[in-house]
Each structure stands twice: as structure tokens, then as C-alpha cells.
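These protein sequences, in sequence, are chains A and B.
With the first letter of the first sequence counted as 1, position 282 gets the number 287 in the working numbering; the numbers rise by one all the way through.
With the first letter of the second sequence counted as 1, position 68 gets the number 1169 in the working numbering; the numbers rise by one all the way through.
Taking it in order: structure first as C-alpha cells, then the write-up.
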Amino acid sequence: MNANNVMMILSALLLSPLLFGVINRVKAMFAGRKGSPLLQTYFDIAKLMKKGMVYGNTTSLMFQLGPVFVLVSVLLALLMVPFGPIAAPLSFQGDFILLAYLLGVSRFFTVLSALDTGSAFEGMGASREVQFAAMGEPTFMLGALLLAIHTGEMSLSGMVREIQFDVLSPATAAVVLLVAAWMMLLLTENSRIPVDDPNTHLELTMIHEVMVLDTGGPLMGIVTYASGIKLWIFSALIANLLVPTLSAGASAQAGIFVGIVLLIAVAVGVIESIMGRVRLRQIPKVLVGTTALVATALIMTLAG
Amino acid sequence: MINTISILLALSSLFLFGSSRIRISIRVVIAQGFLLGIAFLLHNEEHLNSSTWTIAISSMLLKGIVLPWLLTFVLHRSRAKLEIEPYVGFGTSLFIGVLLLGFSTYVAWNLSLTSTVRAIPPALFSTALFLIFCGMFLIVTRKKAITQTIGYLVLENGVFATGLGIGHEFPFIVEMGVMLDIFVGVFLMGIMIFRIDKAFDHTDTHRFNTLLDEIAPEHNDSEDMESAQ
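Right, dumping it as C-alpha cells:
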């Protein structure tokens, strides 16, 4: 843990709610609106933190603990994500598996606290969340396998160190496919369009939002912040594949990295503006297609 | 560059496995036709002459413009629904598609080829095999006659790509002959789909099995004979 690591972790902690602001601003620009302030999510979290707690009669301790566990597991996962050329504070052989399962743990506790409310809507959302997450997991694992074969490294930081984003090299084609597949994974995992619409208020079609319907006050603030961190983790994973290797200083490289993460948020905003939500029954098809994409990339890496 | 094109070809065929719209599938076939034409030109970069240009341009014209136009024409004239009806679901098709891609890559890398017939860009050769498998799979697993024609076109693209992939040039006259063959084939298929649609109000090949007008009376005859005995 050196000064660079501290700087990167701090920037992730401070900037992750900004990603939502960027996405919403891009969507507003596409719709011709002025849009909410870039810092709106910070205001929301601050407002929620000042409120009191209200719990449903049917809920138990699990409901209150859930969001805390979610926050802790995504923060632990954040420690394993490298920041471009700066290695992650926590890096060891096969750390991507722990990263995937820490995110799984956070999902598990979201689902548990949703089921704890006893609401039929929340149970429905939990069922969908788990179904789509299970179909998204092969994309992450096959992608990590591809990177391990491509670079010969078994830790995320090592993979990122070895990967050279060179447009002319034929091996890059596989990485480009991986970027596309992981972008789809980002949209799935963070409940964005085309899989889920974060702005929807119809319980029958919501996935993530429906699981936190009963959550309010500071707990909702924690949930919002944790989903910001989760979005940052996925954006950072993709940014790691795209970051160019420069012989610049650490702070300049960090700046480039954060810039790419913000650009990914802009891309998410553009995707949300130009696409509609896919019908719920069609989502598995989209996810299987994403897995097919990354499997194709894997076959190409194995063959080439 | 040829590697990128072969990846695009493989991905577009996987897309065909998962797509449920006939019109989009036709557009994918158009893209494949143009990609193959470009691949052909790139492959013959060193010796571009009038015959290579003729083959490339006529192949692009035929597979990219004429045949898709014919299919779109038939699609609009027939009262077929614009949705593809598969025997094998789209998710399963995609899964099988990835397995087929893996298999064709394995075959392409382990095939012992002679020195005159070599897989020069192996990626293109494995994609070519994959396109052939794709075409056959699409023909077998899709119900409508028009989607089977699309499968036939993909199969033919695979054959064309195989010619490129093994790095052995077919003579000009053979290439042109093959192209004439495809044109006539698809043209006839188009006319037949059109006529079948006029006669039976649908082009669902599954339901053709129930057209047993001639067998039924025979069956009655034998029954009559049995009862007479």
C-alpha cells in the first residue's frame, strides 16, 4: 500500500457517485433537457444520510444488516481492481475469482434483505436479479480466462501490466470483443438499459430498484453509494483493458485512467439514450449472446 | 486485416443463430457477401488483374445486392410473418454455434494439409468451415423456406471462404460457374417459395409433411379390399 494506491482508492471512493451524474447528464443532453447537476447523487446521499430510519413490521435484523454487508463486500472488491498501470493494493494469484465472488456476496445480501421484507414484488425482483446474474457470470469468468491465456498472468494486476492495447495486432481483436462483452456485463450487473431501467417505477418490470423498495433513509444512502462503487469497479475493469501504456508519471497516468472511466460512463449514457429496454423474456437471449461473444474471443485466443 | 474479416464473418453467423427477424438476417447475409468480396481482394493483393476484380465485384453484386433483393422481394410478396420460427431455440442455437466454432477451429488447426493446399490464414479457414456448418445448421433447424434459403447462402459463403482459406486459387471459369449456379439456385428457390406461398398460403416446411393427398386414398383402397375379403 503506497501513496499511489491510497490516491487511487480515494479517487474511487470520492468519484464513484459522479458516474451516475455523468450518465444522467448525457441522457439529459440527448433528450434536449438541461438535466440534474453532476453532483446530484452526492446531494441525494447526503439527504438520505440525514433522515431517520423506518423499518417495516415484517422485517428482521437481516434487512438492516444487508446494505452494510453489501457496502463492505464491494469495498473489499474495490481493493482488488488495478488502476491501469498502478497495481491493486490487494493482488495475488487468481484474485479475479475472489473479486467475482465478493460481488456475488454483495448480490446475496441485497437479495436476502429484499426477501426479508416479505413483499411479493421484492421477491420477484430478487428472483430476476439472481437469474440474470447467473447468466452473466460466465461472461466474466471466460473473459478473465481469456486474459490469463493472453497475458500468461494469474492476477488482475499482472494481466493489466502485460496487456498491450495495440490496434494493429491481431490478438487485440479478441480484447476488443472482450471489451464489448464486458460492457454488456456492466450494463447487466449495474441494472442499466437494456437489461433494467434505473428510472422505471413500474414494479412489474424493475429488477434492482424493486429490491430496495422498502429501504429508506441512511440504508438507502448506503445502497446508492454501494451501487456507485460497483459501477466504478466494472468501469475500471474495462478501462484497464483500454488504458494505453505511456511513460508518463503516476499522477498523469491516474488522470488518464479516471478520464477513461468517465468516458465509459458517457458511453453508458449514450447506450441508454439510443436503446430501449429489452423485453424481460428476451434478456436471457441477450446474455447468452454476450457469453457467445466472449467464448468466440476465447476460441480465437486459444487458436491464435 | 483478413483475421479481422474472418472474426466479423464468424460473429455475423453467430448473430444469425440468435436473430429472430428475417429482415435483419438478410442484412447480415448482405454484410457477409461484401466482407467476402473484400477478403478476396485482400487475399489477391499481389496480383490484382481483371479476372480477380471481375470475380470480386460480381460476387459482391450477386451476394450483396441481387440475391438479398430477390429474398426481400419474395418476403414482401409472400404473406409470411417476418419472424423466424426455429425448431431449436435461439439460446440453444447460440450454444451449439459456439461449439461448432470451437470444433471448426480445432479441425482447421489439426488438418494435415499438403504443401500445395495450405491454410494460409488459419483464422479464415476455420471461419470458412464454421460458415459451412452454420449454413447446414440453419437449413436443418429453421421452419420457413425463406430462412432455409438464407442458410443456403451462408453455406455458399462458407464454400467461397474455403477457397480463399486454403490459399489455392480456383480458375476464373470455375469461380464464375459456381456463382452462376448459386444465382440460378436461389432464383429458383425464390420463385418456388413465391409459388408455394400462392398455392398453400404459407411456406412452413413443417406443414408440407401433412400434404398426403395421394397416399390417403390408397390407404382407403386397401381397407376396402380387406373388408371385401
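Every residue gets a Cβ at the ideal spot worked out from N, C-alpha and C, and that includes glycine.
Does DSSP put residue i in a helix, in a strand, or in coil?
i, result
"P199/A", "coil"
"K55/A", "helix"
"R282/A", "coil"
"I91/A", "strand"
"P143/A", "helix"
"R1124/B", "helix"
"E1324/B", "Caution applies to E1324/B, whose pLDDT of 48 falls short of 50 and renders its modelled position unreliable; the value that the coordinates give is listed next. E1324/B falls in the helix class under three-state DSSP."
"D49/A", "helix"
"R166/A", "helix"
"R1296/B", "helix"
"E1184/B", "strand"
"R38/A", "coil"
"E1319/B", "For E1319/B, the predicted model reports a pLDDT of 48, less than 50, meaning its position is unreliable and no value from the coordinates is stated."
"K1245/B", "strand"
"D1305/B", "strand"
"L209/A", "coil"
"N204/A", "coil"
"D219/A", "coil"
"P1169/B", "helix"
"L267/A", "helix"
"G157/A", "coil"
"P72/A", "helix"
"S1159/B", "helix"
"T1311/B", "coil"
"M1151/B", "Per the sequence presented here, residue 1151/B reads as Ser, with Met not at that position. Three-state result, S1151/B: helix."
"E1257/B", "helix"
"N10/A", "helix"
"T64/A", "coil"
"V135/A", "helix"
"N1145/B", "coil"
"P22/A", "helix"
"P1223/B", "helix"
"V248/A", "coil"
"L44/A", "coil"
"Q1330/B", "Residue confidence for Q1330/B is low, a pLDDT of 46 falling below 50, so the modelled location carries little weight and cannot support an answer."
"S124/A", "coil"
"S240/A", "helix"
"L15/A", "helix"
"S232/A", "helix"
Can you name the residues of chain B whose CB is closer than 9 Å to the CB of residue i?
i, result
"G233/A", "Result: empty, since nearest Cβ-Cβ is about 32 Å, beyond 9 Å."
If I follow the unbroken alpha helix (DSSP H) through residue i, where does it start and stop?
i, result
"V110/A", "D100 to D121"
"L84/A", "Per DSSP, L84/A belongs to no alpha helix (DSSP H) and is neither H nor E."
"G1192/B", "F1191 to N1211"
"M188/A", "T177 to E194"
"Y60/A", "Taken as a continuous stretch (DSSP letters only), Y60/A belongs to no alpha helix (DSSP H), as it is neither H nor E."
"E214/A", "H213 to M216"
"F1118/B", "I1103 to G1119"
"F97/A", "Segment: none, F97/A is in no alpha helix (DSSP H) and carries neither H nor E."
"G254/A", "From DSSP, G254/A is part of no alpha helix (DSSP H); its letter is neither H nor E."
"V299/A", "I288 to A308"
What in chain A is Cβ-close to residue i, meaning under 9 Å?
i, result
"W1154/B", "Neighbours of W1154/B on chain A: none; closest Cβ ~27 Å, over 9 Å."
"V1255/B", "Neighbours of V1255/B on chain A: none; closest Cβ ~16 Å, over 9 Å."
"W1210/B", "A308"
Assuming residue i contacts residue j (C-beta within less than 8 Å), just tell me the rounded distance between them.
i, j, result
"I198/A", "R282/A", "5 Å"
"T229/A", "T63/A", "Not quite, the Cβ-Cβ distance comes to about 23 Å (not below 8 Å), so this is no contact."
"H206/A", "A179/A", "40 Å between Cβ atoms; not a contact."
"I212/A", "R133/A", "5 Å"
"L218/A", "F126/A", "6 Å"
"P1187/B", "T1242/B", "6 Å"
Against residue i, what residues of chain B qualify as contacts under a CB-to-CB distance less than 8 Å, listed in chain order?
i, result
"T301/A", "I1108, A1111, L1112, L1115, V1199 and L1202"
Which bits of chain A does residue i rub up against, with CB to CB less than 7 Å?
i, result
"L1344/B", "With chain B running from 1102 to 1330 in the structure shown, residue 1344/B is simply not present."
"T1206/B", "I304 and A308"
"F1191/B", "K290"
"G1119/B", "K290 and G294"
Starting from the beta carbon of residue i, find every residue of chain A whose beta carbon is closer than 8 Å, and list them in chain order.
i, result
"S1227/B", "A308"
Check distances from the C-beta atoms of the region 262-291 of chain A to those of chain B and list, in chain order, the residues that come in under 8 Å.
P289 and K290
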